[in-house]
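First comes the structure, then the notes that go with it.
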Amino acid sequence: MIDSIAYFLARNGTRFMALGLFVGLAVPPLSAKLGPMLPMVVWVVLYLSMLRVNWGDIIAWRKRPLIVASGMAFILLVSPLLMWLVLTLTGADKPLATGLVMMAASAPYTAVAAVAAILQLDAALALVLLVLTTLLMPFVLPVLVVDGLGFDVALNSISLMQRLGTVVGIAVTLAVVSRHLIGKQRLARNAHRLDGLVVIMIVGFALALMDGVTAAFVDQPARVGLIVGAAFTANAGLQCAAALAFWRFGRKLALTIGYAAGNGNLAIILAVLPDNAHPDIALYFALGQFPMFLFPMLSRPLFLWLLRKE
41 MIDSIAYFLA
51 RNGTRFMALG
61 LFVGLAVPPL
71 SAKLGPMLPM
81 VVWVVLYLSM
91 LRVNWGDIIA
101 WRKRPLIVAS
111 GMAFILLVSP
121 LLMWLVLTLT
131 GADKPLATGL
141 VMMAASAPYT
151 AVAAVAAILQ
161 LDAALALVLL
171 VLTTLLMPFV
181 LPVLVVDGLG
191 FDVALNSISL
201 MQRLGTVVGI
211 AVTLAVVSRH
221 LIGKQRLARN
231 AHRLDGLVVI
241 MIVGFALALM
251 DGVTAAFVDQ
261 PARVGLIVGA
271 AFTANAGLQC
281 AAALAFWRFG
291 RKLALTIGYA
301 AGNGNLAIIL
311 AVLPDNAHPD
321 IALYFALGQF
331 PMFLFPMLSR
341 PLFLWLLRKE
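Going by our numbering, the final residue of the sequence shown carries number 350, and the count climbs one at a time with no gaps.
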């Protein structure tokens, strides 16, 4: 029974993610109760995702260091600089621009490898990019976004670095220790259960994330519409930019790096964002989940068509 439920959840993960967002919007009291648990849920999802990582798969990519290094550089450096340039030219307001640049500078979200597999992209490459950029993000993002580009997140770069480093460092360290204690074979036998648990936690994350968003829809419909539109445009734009940059290496690889570049891990940043940060930054981090959770369902036919053409 448990195994059947776990397989069902894993197979329909993207649908449950999207459902969580809409249930959270429709039932504000539920999202309000779960809202305070958001940082803990983010950490658990990161820990479970790292627990599933087979470090042998990561090491295997050492044979293609140029591809991995180029993909990491695009995600952590080129993406935020492109985003900053576009926002500067279009005159976007500072709070929204801050959120968009931080998204662009972030590592991919934790479900990127699982969703890449659903989209028939290179899940192994997505996993490598996820792990390595997640390890580097606490050091790169604060310096680039706060010191380099001068965005105000109500924290200096050192404090932001410490917060990100703590969340990522503890999750990764405990995941590595847990893998050693549990054993590879036992983890492999229960992989589907872990995947099902990750889906449950992500649904909980989506519900908690909608705390206060329904009220924002009612009070500021035009502002919310602008942020949602910007979130979808930024996600699609970064995916296209990265895919075009790597197109000559093959469609599957290019689309994989594009998908990773367009879906930054807003959850980790939201979990460490101080309470006195501009409220529109947090609102963008919440609304930015809509393209992240909905695009896989909407774009899968396009991805499959492009891959068939190769």
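Virtual Cβ for every residue (Gly too), placed ideally from N, Cα, C.
On a predicted model such as this, the values are computed, not experimentally measured, just so you know.
Can you have a look at residue 83 and say buried or exposed, based on whether 16 or more other CB atoms are within 10 angstroms of its CB?
In the sequence shown, the residue the question calls residue 83 occupies position 43. When all chains shown are included, residue 83 counts as buried.
Taking C-beta to C-beta, are residue 301 and residue 270 nearer than 9 Å?
Position 261 of the sequence shown holds residue 301. Position 230 of the sequence shown holds residue 270. No, these two residues do not count as a Cβ contact at 9 Å.
Compute the distance between the beta-carbons of residue 111 and residue 308, then report whether it is under 9 Å.
Position 71 of the sequence shown, counting from 1, holds the residue named residue 111. Position 268 of the sequence shown, counting from 1, holds the residue named residue 308. The answer is no: Cβ separation not under 9 Å.
Have a look at 119, 97, 160 and 91 and flag the residue whose alpha-carbon is nearest the alpha-carbon of residue 150.
Taking the first residue of the sequence shown as position 1, residue 150 is located at position 110. Of the listed residues, the one whose Cα sits closest to residue 150 is 91.
Residue 325 vs residue 310 beta-carbon contact at 9 Å
For the purposes of this step, residue 325 is taken as the residue at position 285 of the sequence shown. For the purposes of this step, residue 310 is taken as the residue at position 270 of the sequence shown. Contact flag set, yes.
Classify residue 95: buried if its beta carbon has 16 or more other beta carbons within 10 angstroms, exposed otherwise.
Walking along the sequence shown from the start, residue 95 turns up at place 55. Label assigned to residue 95: exposed.
List the endpoints of the continuous alpha helix (DSSP H) containing residue 146.
Stepping through the sequence shown from its first residue, residue 146 is reached at position 106. No alpha helix (DSSP H) holds residue 146; DSSP gives it neither H nor E.
May I ask which residues mark the beginning and end of the alpha helix (DSSP H) holding residue 335?
As a working note, residue 335 is residue 295 in the sequence shown. First-last of the alpha helix (DSSP H) with residue 335: 329 to 349.
The alpha helix (DSSP H) spanning residue 128 covers which residue range?
Position 88 of the sequence shown holds residue 128. It spans 119 to 130 - the alpha helix (DSSP H) in which residue 128 sits, taken as one unbroken run.
Distance between beta carbons of residue 267 and residue 323, contact taken as under 8 Å:
On the sequence shown, position 283 is the one that residue 323 refers to. On the sequence shown, position 227 is the one that residue 267 refers to. Going by Cβ atoms, the distance from residue 323 to residue 267 rounds to 6 Å, so yes, they are a contact pair.
Those residues which DSSP pairs with residue 304 across a bridge
Locating residue 304 in the sequence shown gives position 264, where the first residue counts as 1. Beta-bridge pairing links residue 304 to 148.
From residue 179 to residue 205, what distance separates their C-alpha atoms?
Taking the first residue of the sequence shown as 1, we reach residue 179 at position 139. Taking the first residue of the sequence shown as 1, we reach residue 205 at position 165. Distance between the alpha carbons of residue 179 and residue 205 is about 8 Å.
Residue 179 CB to nearest chain B CB: under 9 Å?
Although the question refers to chain B, the structure presented lacks it and comprises just one protein chain.
Outcome for residue 182 when other beta-carbon atoms lying within 10 angstroms are tallied against a minimum of 16
Against the sequence shown, residue 182 aligns to sequence position 142. Classification of residue 182: buried, given that the 10 Å Cβ count is 16 or more.
Kindly indicate which three-state DSSP category residue 220 falls into: helix, strand or coil?
Translated into positions along the sequence shown, residue 220 becomes position 180. Residue 220: helix per DSSP, three-state reduction.
Classification of residue 345 by the beta-carbon crowding that lies within 10 angstroms, buried from 16 upward:
The sequence position of residue 345 within the sequence shown is 305, counting from 1. Classification of residue 345: exposed, given that the 10 Å Cβ count is below 16.
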